[in-house]
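Below is one structure, written out as structure tokens, with a few remarks after it.
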Amino acid sequence: MSRTRALALAALVCLAGTSCNALGLPSNCGGTEVIANFRQVGDLVVAANVQSADVVVGTIQDIELDGWQARVGLCLNEGEEISADVKAVVRTTSLLGEKFVDLKPLSEGPPFLQDGDVLTVEQTGKATELEDVFARLASILGAGNLEQLNRFTAAQAEILSEHTDDLRLILRELHKFTDTLDGRRDQIGAAIDSLDAVARTTLADAGILEQFLESFAGASGVLADQKNGLQSLLRSLDRFTEVSVQLLRETQGGFETQFKKLRPVLRVLVENSANVRESIQTLATFAEYWPESMPGDYLQLDVCQASPDMYGQGLTCPQSFGSGGAPPVSSRDGSAANAVDLIMKQPLGGGRR
-1 MSRTRALALA ALVCLAGTSC NALGLPSNCG GTEVIANFRQ VGDLVVAANV
49 QSADVVVGTI QDIELDGWQA RVGLCLNEGE EISADVKAVV RTTSLLGEKF
99 VDLKPLSEGP PFLQDGDVLT VEQTGKATEL EDVFARLASI LGAGNLEQLN
149 RFTAAQAEIL SEHTDDLRLI LRELHKFTDT LDGRRDQIGA AIDSLDAVAR
199 TTLADAGILE QFLESFAGAS GVLADQKNGL QSLLRSLDRF TEVSVQLLRE
249 TQGGFETQFK KLRPVLRVLV ENSANVRESI QTLATFAEYW PESMPGDYLQ
299 LDVCQASPDM YGQGLTCPQS FGSGGAPPVS SRDGSAANAV DLIMKQPLGG
349 GRR
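Residue numbers (the numbering used here): -1 to 351.
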């Protein structure tokens, strides 16, 4: 056989469905060759379309059995960029139409599928078809379960006949619920986008979170190491509180006595507040104009506080003698009294005129 006939026969075999790469011949794919492993492909044939988003992006180059899996060669057209994170599913164009491989990218952008990439069975699948449903139904009926199916249908009909109004109400409320969801689909989408943004932010800040957790763990270790010291501090604070409470209890009587003694003084001071203010104003006026009456001379002015009923008012200043050596001062009743005691007992006279 001549070389030309051998090449022609090999090309004919390739067109019939045998892998050209398996025969050691160069592939006739002018774009990107990708291998996809399927658990089952049904009636998928060579030269069927490869689509993505309902657009033809390539063809099936070969199909062969590889153990318990179907090894399918996909030839993507030149210039087609399909994300490597993709799901390949065998679908049907219509109810009884031809099959094709649908590529569904799970993400956008690079990396893209490259020449020689392999899709595992986890990245492939086969859509459920009407013939699969009929096959399962036939298996149910063929196993002698027709009578059980009849009983189940009769029981369901009896249940529904007694609760028709309730079922109608449920369907009506479900219709309202679906309408509400449909009316708020933009808000739901925005909420999902926000959750996605939060998740992305959390992933982006994973390093910061790890550092925080590590520092928190270190702080917990320090607290654990200082546990005995903290316990001692708390016990000391507890003892200090007990001492403080005991001190307050013991000095409470003394404080009350002092306040009782101070109360009359404060009362008289409040009663004479007007006199005190008037006296201070008068004294200020006197101190301002008195030097003008004797210009050029030195004048010493002593101002002292005395009870209005003292005979010695204006002659002596009891405060000048101090509390220890103050001379006795006679009051109106003729009794001698210490000046300081007299002032403390009869302060300012209470506004008598």
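All residues carry an ideal CB built from backbone N, CA and C; glycine is no exception.
Given the structure is predicted, the values throughout are model-derived calculations rather than measurements.
Between the alpha carbons of residue 248 and residue 235, how many angstroms are there, rounded?
20 Å
Give me the Cβ distance between residue 87 and residue 34, rounded to the nearest whole Å; I'm assuming they're in contact under 8 Å.
Not confirmed; about 10 Å, so no contact.
Alpha-carbon to alpha-carbon, residue 155 and residue 109
55 Å
So, is residue 106 buried or exposed, given that buried needs 16 or more other C-beta atoms within 10 angstroms?
exposed
DSSP on residue 251, reduced to helix/strand/coil?
In the structure shown, residue 251 sits in a helix (DSSP, three-state: H, G or I).
Could you tell me which residues DSSP puts in a beta bridge with residue 63?
68
Any heavy atom of the ligand COA within a distance shorter than 6 Å of the CB on residue 224?
No copy of the ligand COA appears in this structure; indeed no ligand is present at all.
Rounding to the nearest angstrom, what Cα-Cα distance links residue 175 and residue 71 in this structure?
46 Å
On the premise that residue 98 lies in contact with residue 67, defined as a C-beta separation below 8 Å, what is that separation, rounded to the nearest angstrom?
With 8 Å as the limit, residue 67 and residue 98 do not qualify as a contact, their Cβ atoms being about 19 Å apart.
Using a 10 Å radius around the Cβ and a threshold of 16 neighbouring Cβ atoms, would you call residue 46 buried or exposed?
Residue 46 is classed as buried because its beta carbon has at least 16 other beta carbons within 10 Å across all chains shown.
Taking only three categories from DSSP, how would you classify residue 92?
coil
Short of 6 Å in beta carbon distance, which residues of its chain neighbour residue 123, apart from the five on each side in sequence? Order them along the chain.
87
Less than 8 Å between C-beta atoms, sequence neighbours within five positions excluded: which residues of the same chain meet that for residue 254?
Once the five neighbours on either side are set aside, residue 254 has no close Cβ partner at all.
Quick one: Cα of residue 39 to Cα of residue 78, how far?
24 Å
Does the distance from the CB of residue 29 to the CB of residue 75 come in under 7 Å?
yes
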